[in-house]
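Residue numbers (our numbering), protein chains in the order written: chain B, 931 to 1249; chain Y, 1168 to 1558; chain X, 7 to 159; chain R, 8 to 121. Positions of the beta carbon are idealized from the N, C-alpha and C atoms, including for glycine. Report on the following structure.
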Amino acid sequence: MDLAFTLIRIFIFPGLLFLSILAFLFEWIDRKAYARFQNRIGPLYAGPSGILQPIADFIKLMGKEDITPKYVDALIFNNAPIFAVAIPFFASLYLPLDGSPILTSFEGDIVLLLTLMTLYTIVAFIAGWASTNRFSTVGAARAVLQFLAYEIPMFISVASVAVYVGSTSLTYISMNQPVPMILLQPIGFIVFVISMQAELERIPFDIPEAESEIVAGWLTEYCGPKLAFLRFAEDLKLVFCSGLATALFLAGGSGPILPPLVWFVLKMIFVVLLSSYIRSLFARFRIDQMVSGCWKYLIPLSILQLILTRFVGVGLRWL
Amino acid sequence: MSYYQVPIGPQHPAIKEAFQFNFILDGEVIVDVKPRLGFVHRGIEKGMELRTWTQGIFLAERICGICNVPHTTCYCLAVEKIYGIEVPERAKYLRIIINELNRIHSHLLWIGVLGMELGFHTLFMYVWRDRERVMDLVEMISGNRVTPSMNCIGGVVYDITPEMIPVIRRNLDYLEERTKYYKSVLEEDPTIRARTVDVGVLSTGKALDLCAVGPVARASNVKSDVRFDDPYTLYDTINFNLITYDTCDVWGRAMVRVDETLESINAIRQALDKMRPGPINVKVKRIPPVGEANARVEAPRGELLHYVKSDGKETPYRAKMRTPTLANIPSLCEMLKGYYIADIPAIVASIDPCYCCTERVMFIDPNKGEKWTWSYDELRNYSRKYYGVGV
Amino acid sequence: MSTFNMEFIVKDLMNAFPNKILDYKFDGARSVFISIDSGILHDVIRYLKDRYDLKHIVTITGTDLLDSIELIYHLSPLDRRILVNVKVKVSRDNPHIPSVVSLLPGAVLYEREVHDLLGVVFDGHPSLERLILPDDWPEGVYPLRKDYKVEVK
Amino acid sequence: MAMIREVFRHLFKHPVTVKYPFERTPTAERYRGKHEFYVDRCVGCGLCARECPALAIELVPSDKNVNGRIPIFYLDRCIFCAQCERICPRAAIHLTKFYELASHDRKTLLYRAV
């Protein structure tokens, strides 16, 4: 009985199915907010006020012809989308959606989640490299270059939260934050959101797939179902990153009257709206400006936050 | 050091029109550029020789989708010089108004495209939303948003009625306020400045040697504007200043275009004040006397020249047009050297290329391996048989 | 010499190149057509460039006059105030004329365009390749020549 | 970055775009759209067919007027420049404000008034 219950938990309710619905919902929220920021209506025709548009796009892409170009390294090229979808799915299972994690939680699962995200960038790189198209090789090279820039500040800002709460288990952190960490560690939150924007490859950091310069970067050769999966993987990553931000900085599911699950999703939506707001404010950076910007500003800021946490934080521990 | 060649175009999502640049790259830095044009060349100069004088106006108007008003103005000015007729004063002011409206529409369009090239989609959306005001004005005056076909040989076809003037003034005030806001955005936004300041530098000396024209030259401190130097249609009675910047880079070209939009707005206001009621065109005979003439107009992208030669027949003997973008291509190749791939769209966009202006193509069929030319009748019958329309 | 007037330029050219200037015609207040003998093209352009600062070449117009090909060099000074159009005739069967790219670097594309469409060979042009016509356009067929018939209704 | 306030304010503004098939932005009075041909006014002079830059007007035999021919309009080739409207001595052609001419079949774009 217990096995069936966990299987349902993993595959149905807060697990994969629920996460996919969340992914499509978040893409709709993101596109609708981005449109409203630009004084447009946004998705409109598919379903009530366009809420089914992401699903419609997914099905349309699935219906397209599945082409594998001749000179492509077929093995990696065809399997990359599967990895790309699997990684965020597996990572999201650790999010404490309704107070308790979907799968399990163990000491040090933050480190696992961050390495999974690093793995995603590696998948993006080999996918770009395998498609031997000039634009995608440049895009893949840029993806890795950008990854070097935003990974370090992201890790440090996550570490400073872990140091403060005194544990590296995501569920523990999200449960016992005396006060949402965004108030205690605003710098850490800003650095995390910026590097999250870079990880999701969204403007101003969508350099690896900058359509005005290198067509679609490492996604150039992909079309049909493979592209559908890659787009779906990006939505899942959005779910995971906003979930991570919520668990770490916005005290997870805890909140006054509403059940923890609703609180968690509401806070995730807040993070998505924030990311969409950033997306509509900036032009795209050049790759060298982005890397120098991260090394010159983001890393010192995150180190400062770590130092502040180490000394100032301890004083506030009795709060 | 190994170079590899990245062909950008002829089909490329970022570049709206078909042209091909072969970039010789060293890593991400551009070492050399070789342009290859001719993908949308439509044989308009040959087409002009097959059309009557009045039909030529509508062909000239379709040289470019954005700067079509200057093409018709320039063509009509050249033909009127051959006729030796003087256009009524009100028609001249109407021409100024429609030309300046076209300049505002073209410059705002370009600022949006620059935003799009830099990945700043919000600026693109806002600027194109405000540009709709200009398109609605042109539609109100001439009946068509994009190709007003306002000019005719001997003057202007549509008149501005008194009740249109307050609508025009109100929209101009709104446009002025919005353009001032976009100017402040271009000046203050760090991401835009990071991608445009000191990018695609064209020194003043190079701009003069390579005969750059329009905002590209004026951003490199070259004081050249046909409206001042060789005024046509009463531009000398309108006082507005010639904008130049000395920063010589993409940002300078952006600021020149924004300031020029503001100048155009108050040029229209002055033209509206100075306009007196009167006839708007002069009837002309169907065929002009023998002769040749050329006329120059300041199109949004630069100096535009039309040369027309008549030998007393119903169709022009020769019609030559040199569009500003063709003049700016050597300067563009010069600007691109030494910058990153990521700067290509910004630099290419900075000369506001209008490649259908530059191109006029002939009709051939490569896959059949041979070239043949069809008369208009055969072309039309073929298309009708092909679509089975009532033949 | 800020206020150029056209008569002064024509007269100055006349005595600088005795009886080589064939004729001239004013076209409006600020533009003149000057027909010259093709031999002295380079000297005239250098003369105009040095004395009147006519460094900006607007374009080169090629016209097929059935017996010969006429090339018009539209020149204008840096402040674009006037237009001096130098007309030169070239024989139709093997049109050769020295290239002016050395004097006016801006003319590099215009000469390639006239070469493409009319078949005039500019000697000394750095790279007289095809600019506009498609790659598989047959050799020797020049669309802007009058004998290239696109029949009309 | 410089547009922070402006972008945030737009979140609460009504969007400018229009839900096209359900709502339509009004067209101007002088809009040049689909032709309207008054058969009774036409005398069959053929000026419009000669003047049309896009050769989109063709004269077909008809018994409606003394010259025995009336124009038919190929809307798929027409550039809507209203030159025919201006040149017609009897004002028999007028361009209306109707612009929705998209169709799956070009035969529907042949406007034959009679």
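8 Å Cβ cutoff, residue i in contact with chain B
i	result
residue 1422/Y	no
residue 1292/Y	yes
residue 1559/Y	Since the displayed chain Y opens at 1168 and closes at 1558, residue 1559/Y lies outside it and no answer follows.
residue 1362/Y	yes
residue 20/R	yes
residue 1532/Y	Its pLDDT being 35, under 50, residue 1532/Y is placed unreliably by the model, and the measurement read from it follows with that caveat. No, residue 1532/Y lies away from the interface with chain B (no Cβ there is under 8 Å from its Cβ).
Any C-beta of chain Y under 8 Å from that of residue i
i	result
residue 7/R	Any property of residue 7/R remains undetermined from this structure, which presents chain R solely from 8 to 121.
residue 15/X	no
residue 121/X	no
residue 89/R	yes
residue 2/R	Residue coverage of chain R in this structure runs from 8 to 121, which leaves residue 2/R outside it and unanswerable.
residue 98/X	no
residue 37/X	yes
residue 149/X	yes
residue 1068/B	yes
Residue-chain proximity (residue i, chain R), Cβ-Cβ < 8 Å
i	result
residue 937/B	no
residue 1190/Y	no
residue 1356/Y	yes
residue 1528/Y	Reliability fails at residue 1528/Y, whose pLDDT of 27 lies under 50, so the model's placement of it is uncertain and the value that follows must be treated cautiously. By this cut-off, residue 1528/Y is not an interface position.
residue 1106/B	no
residue 961/B	no
residue 1216/B	no
residue 971/B	yes
residue 974/B	yes
residue 1240/B	no
residue 1072/B	no
Helix, strand or coil at residue i [DSSP, three-state]
i	result
residue 1402/Y	helix
residue 14/R	helix
residue 1497/Y	helix
residue 77/X	strand
residue 145/X	coil
residue 25/X	coil
residue 121/X	helix
residue 1205/B	helix
residue 1037/B	coil
residue 9/R	coil
residue 1151/B	coil
residue 38/X	strand
residue 998/B	coil
CB-CB length for residue i against residue j, believed under 8 Å
i	j	result
residue 1209/B	residue 1133/B	5 Å
residue 1083/B	residue 940/B	Between residue 940/B and residue 1083/B the Cβ distance is about 32 Å, and since that is not below 8 Å, they are no contact.
residue 77/X	residue 103/X	7 Å
residue 1027/B	residue 1194/B	5 Å
residue 40/X	residue 93/X	7 Å
residue 972/B	residue 961/B	6 Å
Proximity test, Cβ basis, 8 Å: residue i and chain X
i	result
residue 1453/Y	no
residue 1489/Y	yes
residue 1393/Y	yes
Taking any Cβ of chain X, which residues in the region 1463 to 1485 of chain Y have a Cβ under 9 Å from it, in chain order? For the region 1463 to 1485 of chain Y, which is checked against every Cβ of chain X, the residues closer than 9 Å are 1463, 1470, 1472, 1474, 1476, 1482, 1484, 1485.
Under 8 Å, with one C-beta from each stretch per pair, do the region 1389 to 1401 of chain Y and the region 1298 to 1309 of chain Y reach the 3-pair mark? Contact between the region 1389 to 1401 of chain Y and the region 1298 to 1309 of chain Y is absent: fewer than three C-beta pairs spanning the two stretches fall below 8 Å.
Got a sec: which bits of the region 1199 to 1211 of chain B sit with their beta carbon under 8 Å from any beta carbon on chain R, in order along the chain? 1207, 1210, 1211
Which residues, taken in chain order from the region 1276 to 1310 of chain Y, show a beta carbon closer than 9 Å to some beta carbon of chain B? 1282, 1283, 1284, 1285, 1286, 1287, 1288, 1289, 1290, 1291, 1292, 1293, 1296
Measuring CB atoms only, is the region 1421 to 1430 of chain Y touching the region 1282 to 1293 of chain Y, in the sense that at least three cross pairs come out at less than 8 Å? Between the region 1421 to 1430 of chain Y and the region 1282 to 1293 of chain Y there are fewer than three inter-stretch CB-CB distances shorter than 8 Å, so the stretches are not counted as touching.
Chain-ordered residues of the region 986 to 1013 of chain B with a beta carbon less than 9 Å from chain Y: none
Residues of the region 1504 to 1523 of chain Y in Cβ contact with chain B at a cutoff of 8 Å, in chain order, please. 1507, 1508, 1509, 1510, 1511, 1512
Three or more C-beta pairs under 8 Å: does that hold for the region 1226 to 1240 of chain Y against the region 1452 to 1468 of chain Y? Because the criterion of three Cβ pairs below 8 Å is met, the region 1226 to 1240 of chain Y and the region 1452 to 1468 of chain Y touch.
Which residues of the region 1205 to 1238 of chain Y have a Cβ closer than 9 Å to any Cβ of chain R? Give them in chain order. 1218, 1219, 1221, 1222, 1223, 1224, 1225, 1226, 1228, 1229
Contacting positions in the region 1121 to 1140 of chain B - beta carbon closer than 8 Å to chain Y: 1133, 1134, 1136, 1137, 1140
Are there three or more Cβ pairs, one per stretch, closer than 8 Å when the region 1331 to 1349 of chain Y is compared with the region 137 to 144 of chain X? no
If contact means a Cβ-Cβ distance below 9 Å, which residues of the region 1338 to 1352 of chain Y contact chain R? 1348, 1351, 1352
May I ask you to verify whether the region 63 to 72 of chain X touches the region 1476 to 1490 of chain Y, counting CB pairs closer than 8 Å and requiring at least 3? Segment contact: the region 63 to 72 of chain X against the region 1476 to 1490 of chain Y, three or more CB-CB distances shorter than 8 Å; contact assigned.
Say whether the region 1248 to 1265 of chain Y touches the region 1439 to 1453 of chain Y, bearing in mind that this needs 3 or more beta-carbon pairs closer than 8 Å, one atom from each stretch. yes
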